[in-house]
Structure formats: structure tokens, C-alpha cells
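Residue numbers (our numbering), protein chains in the order written: chain A, 10 to 225; chain B, 10 to 225.
Just below is one structure, and these are the notes that go with it.
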DNA sequence: CGTAAAGTTGATACTTATCAAACTTTGTGG
DNA sequence: CCACAAAGTTTGATAAGTATCAACTTTACG
């Protein structure tokens with residue numbers, strides 16, 4: 010893998026790392042910082058199709074299909090490990106184990122998108138937001154970025170809205186609900202989860218509340 | 010590829026080919042017939058995460074991650090080409106170009122899910138339905154299944170609803186709108202598009218067509 | 001001919017979007 | 001250090017889009 014690596018790249022906040030439709034000659038791995046993947050629709054709206062956390066691979070579609078199918082943007086300052094796309098062939102020829110790893114990454118990304126699709130398509134607002142926050146909390150904790158129930162979350166409310174198919178205003182009000190319920194606090198680019206259990210409870214699709222049966 | 014193939018399998022309509030969570034030892038390619046991929050949420054609702062048309066690969070997640078992340082069901086009678094999962098590793102070792110092809114398939118599936126996510130998250134009902142029908146029409150036409158502007162479409166309205174995150178009733182009324190507008194007719198498991206231009210117009214594009222696999 | 005599955009329709013309730021405006025925070029230059 | 005601009009957050013009022021419910025029709029089939 011050492012020979013595969015080409016160099017490192019620093020991306021400033023707000024920078025577009027890869028553009029949809031681009032056929033860049035490079036692939037990346039995120040070393041530090043966070044970013045997001047998104048698509049722009051014809052009507053100007055944006056769909057966030059993924060959040061990039063440290064360790065995530067970037068540009069696989071480009072590497073394998075010759076063109077990016079979504080744009081990638083740095084949310085915070087990011088350090089990227091740069092690979093050369095042209096060396097991808099060599100990897101498939103000479104390092105089947107790593108080639109398999111790449112396929113595994115692709116399949117994993119597909120899996121994550123499937124989960125998001127189910128959340129966006131079938132959950133209601135509160136559940137969507139709770140689900141996403143819970144996901145962040147879990148993933149970031151697994152990355153060792155949890156300090157006193159607080160994980161870094163440098164995104165904006167608009168990002169969450171665009172990810173879950175909600176309007177900014179509705180997302181804001183939903184976040185307020187979770188905050189007032191004392192479940193989470195999201196401020197200063199950090200998410201603090203006071204009641205992990207309740208968050209997880211909201212995150213699982215509870216659906217409609219069962220109409221309470223009158224006590225006779 | 011010949012040695013890779015294990016045999017053929019016939020799946021009857023309504024049959025579950027692969028179950029979410031299952032770690033079957035087989036992979037498939039759809040030769041004839043159609044099916045769909047779906048996830049079940051905790052509250053019982055269903056999210057369709059993909060439609061399987063002739064030529065589609067089934068079970069890649071299982072092959073590469075050891076477990077299916079969604080279920081696969083035959084909608085019509087299907088003929089499946091069966092592969093053995095255990096031979097996957099041989100393929101990666103000895104046939105790098107086919108291994109690359111598999112990765113390409115995985116990346117393509119990710120791409121399709123991204124498109125669906127954008128549609129489900131950011132479109133309104135009429136646009137969602139028009140987008141999906143337009144997608145069927147385009148893909149099936151590309152498969153040579155178009156006869157006089159009519160393509161086979163053996164799914165039920167519930168499937169479209171579960172794919173686009175709509176209720177059955179709303180989907181029904183939306184379909185009625187497209188029908189009354191003289192744009193499409195969907196009856197007897199066949200979709201006839203009378204005004205391809207108007208259908209495409211309603212289906213605000215999220216991106217481009219599925220790219221064909223590049224020659225290595 | 002009875003039954004089950006799928007499609008249709010109208011009435012109603014709820015969720016979410018949109019609009020508009022105020023407020024807060026942050027960064028920048030005078 | 002303050003004024004100002006820009007970006008982000010918050011809130012209330014209202015409109016639009018969808019879900020839900022319930023009944024009815026049509027079709028397929030043993």
C-alpha cells in the first residue's frame with residue numbers, strides 16, 4: 010500500500026474535493042477532518058448522500074466508473090491521503106486481497122445508502138433526525154472521538170436537512186424538540202448526548218403511537 | 010466465467026431469494042423475470058431499495074460482506090444463474106478484470122441508490138412517480154424489451170409506493186393523474202408511455218444515465 | 001360463486017414546506 | 001474596539017403535500 014500512496018493533501022473548509030461528473034485522476038482517504046457527499050438536483054435542491062468521517066474512502070466511483078456520481082466537499086479542514094487512479098489496475102492485478110477490500114468498501118457504501126434510503130423514505134421527521142444523530146454518535150464514538158458523551162459534529166443544520174429530506178426550518182424545530190426533551194445538545198460543532206437510550210429509542214422507527222386505550 | 014457458474018435456479022413469483030441477514034453461500038444473476046430488493050423497518054413498513062431486471066447481479070453484499078443487507082424477492086417467475094460464493098476469492102486472485110467488474114457493479118449499485126435517495130428525499134409525489142416510471146421505461150427499453158412504446162412492468166402500486174416513500178393511496182392518485190394527462194398507461198403488467206417527452210419533463214433529472222461498464 | 005388480492009375514490013387529519021422576520025454568532029476592516 | 005456584513009439559527013403564521021381511514025370496484029382463481 011505504501012507504493013500506492015502518492016502524497017497528502019490539505020483541503021480547506023468549504024472546498025470542493027471532487028465534483029460530480031468529474032473524472033479526476035486521484036482517489037483519497039480522509040485522515041483528519043470531516044466532509045460530505047452530495048448531489049445537486051435540476052431544481053437546485055441538494056441531497057446529501059453521505060458524511061465523510063476520518064478513515065473514509067473518497068472517489069471510489071471515480072476510480073472504478075471513471076466519473077464521480079456525486080460531489081464531495083470538505084466541511085472542516087481535511088487532511089487527505091492521495092492515491093493515483095492509474096495504480097488501481099495494478100492493485101487489481103497484483104493485490105487481490107486489497108482489490109477485495111475495495112469491493113468491500115463499495116458494498117459497504119451501498120449498504121449505508123440503503124439504510125439512509127429507508128430512513129428518508131419511511132421515517133417521520135423526529136425519527137429521521139434522531140436516527141442520524143444517533144448514527145453520528147455511534148460512528149464517532151467507535152472512532153474514539155467521544156469525550157464525555159460529546160462527539161465533534163461540525164455540520165450545519167442545513168446539512169442534516171438535506172440529508173434526511175427535510176426543510177431547514179422543520180429540521181431546526183425538530184432539533185429544538187430533542188434539545189428541550191433533554192436528550193441531546195448540539196452546539197459549537199459538538200454533539201452531546203445526555204440520554205443515549207432515549208435517543209436510540211427515538212431513532213428506531215417507532216411509527217405511530219398506539220392510541221391509548223381508555224381505562225374503564 | 011464458465012467454471013464459476015454453478016447452475017440455474019427457477020424462482021416462483023413471491024419467493025424470497027435472499028433474506029436480509031442471511032449469509033447464503035450463493036450469488037445470482039437474473040436471466041429472466043423481475044424482482045425487487047427491500048428492507049423491513051422495525052415498525053413494519055417496507056422500503057424498496059431496488060428493482061431487479063434481467064441481467065442484474067444479486068447477492069454481492071452477501072458475497073463480499075458475508076451477509077445480506079436487504080431481502081430479495083422474485084416478483085415474476087425468475088430464472089437465476091447461480092454462482093458459488095466460495096469461488097469469489099479465486100476470481101479475485103485469477104481474474105482481475107472480472108474482479109474489477111464486480112467492483113464496478115457494486116459502485117453502480119451505490120450510484121443507483123444515490124439517485125433514488127435524491128429522488129425520495131427531494132422530489133414531490135408526482136415527480137417521484139414520473140421519475141421512477143421514466144427510469145423503468147429507459148432501462149427496459151435499453152434491454153430491448155420495448156415493443157410499441159410498451160415495456161413490461163409486473164410490479165404493484167405498493168411496490169412503487171414503498172420505493173418512493175409514498176403511501177399506497179397517494180401513489181394511486183398520482184398514477185391516475187399521469188394517466189388522465191394521457192402521458193402513461195400502466196395496466197396488465199405493462200407500461201405504455203404515450204408522451205415520453207412529457208414523462209421526462211415531469212421526472213426532473215437527478216443525474217445522468219447508468220454508465221456502461223468500461224473496457225479495461 | 002365465494003374469496004382474496006389489487007386498484008380506486010372521497011373525506012379528513014396530520015406532517016412538513018414555505019414565507020417572513022428577528023435574532024445570534026463570527027469574521028473583517030476602519 | 002466598534003461597526004458592519006455574512007452566515008447560521010430560531011420562531012410564528014400559513015399553505016401545501018401526504019397519510020390515514022373506510023368503503024367500494026375490479027380481477028383472478030379454486
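Every residue gets a Cβ at the ideal spot worked out from N, C-alpha and C, and that includes glycine.
A quick note: this is a predicted structure, and the numbers were derived from the prediction, not measured.
State yes or no: is the beta carbon of residue i nearer than 8 Å to at least one beta carbon in chain A?
i: residue 35 (chain B); result: no
i: residue 117 (chain B); result: yes
i: residue 208 (chain B); result: no
i: residue 56 (chain B); result: yes
i: residue 10 (chain B); result: With a pLDDT of 47 at residue 10 (chain B), under the threshold of 50, the modelled position of that residue is not reliable, and the figure given next carries that caveat. No, residue 10 (chain B) does not count as interfacial toward chain A.
i: residue 148 (chain B); result: no
i: residue 92 (chain B); result: no
i: residue 101 (chain B); result: yes
i: residue 123 (chain B); result: yes
i: residue 112 (chain B); result: yes
i: residue 60 (chain B); result: no
What are the start and end residues of the alpha helix (DSSP H) that includes residue i?
i: residue 209 (chain B); result: 205 to 211
i: residue 162 (chain A); result: Counting along the chain, residue 162 (chain A) falls outside any alpha helix (DSSP H), and DSSP gives it neither H nor E.
Specify the secondary structure class of residue i as computed by DSSP and reduced to three states.
i: residue 51 (chain B); result: coil
i: residue 150 (chain B); result: helix
i: residue 24 (chain B); result: coil
i: residue 31 (chain B); result: coil
i: residue 190 (chain A); result: coil
i: residue 227 (chain A); result: Only positions 10 to 225 of chain A appear in this structure, which leaves residue 227 (chain A) out of reach.
i: residue 175 (chain B); result: coil
i: residue 220 (chain A); result: The predicted model places residue 220 (chain A) with a pLDDT of 34, which falls under 50 and marks its position as unreliable, so this point remains unresolved.
Taking 8 Å as the threshold (beta carbon to beta carbon), is residue i in contact with chain B?
i: residue 109 (chain A); result: yes
i: residue 213 (chain A); result: yes
i: residue 51 (chain A); result: yes
i: residue 165 (chain A); result: no
i: residue 205 (chain A); result: no
i: residue 129 (chain A); result: yes
Leaving out the 5 sequence neighbours to the left and right, which residues in its chain are closer than 7 Å to residue i when beta-carbon positions are compared?
i: residue 58 (chain B); result: 46, 47, 48, 79 and 122
i: residue 195 (chain B); result: 162 and 184
i: residue 127 (chain A); result: none
Leaving out five residues before and five after residue i in sequence, what residues of the same chain have Cβ atoms less than 8 Å from its Cβ?
i: residue 19 (chain A); result: 86, 87, 88 and 89
i: residue 77 (chain B); result: 27, 28, 29, 30, 31, 32, 33, 68, 70 and 71
i: residue 213 (chain B); result: 132, 136 and 140
i: residue 203 (chain B); result: 158, 191, 192, 193 and 194
Could you give the residue range of the beta strand (DSSP E) that holds residue i?
i: residue 199 (chain B); result: 199 to 202
Once the 5 residues before and after residue i are set aside, which same chain residues still bring their CB inside 6 Å of it?
i: residue 149 (chain A); result: 160
Exercise. Along the chain, which unbroken stretches of the alpha helix (DSSP H) at least 4 residues long are found entirely within the segment 60 to 143 of chain A?
Worked result: 69 to 74, 96 to 103 and 105 to 131
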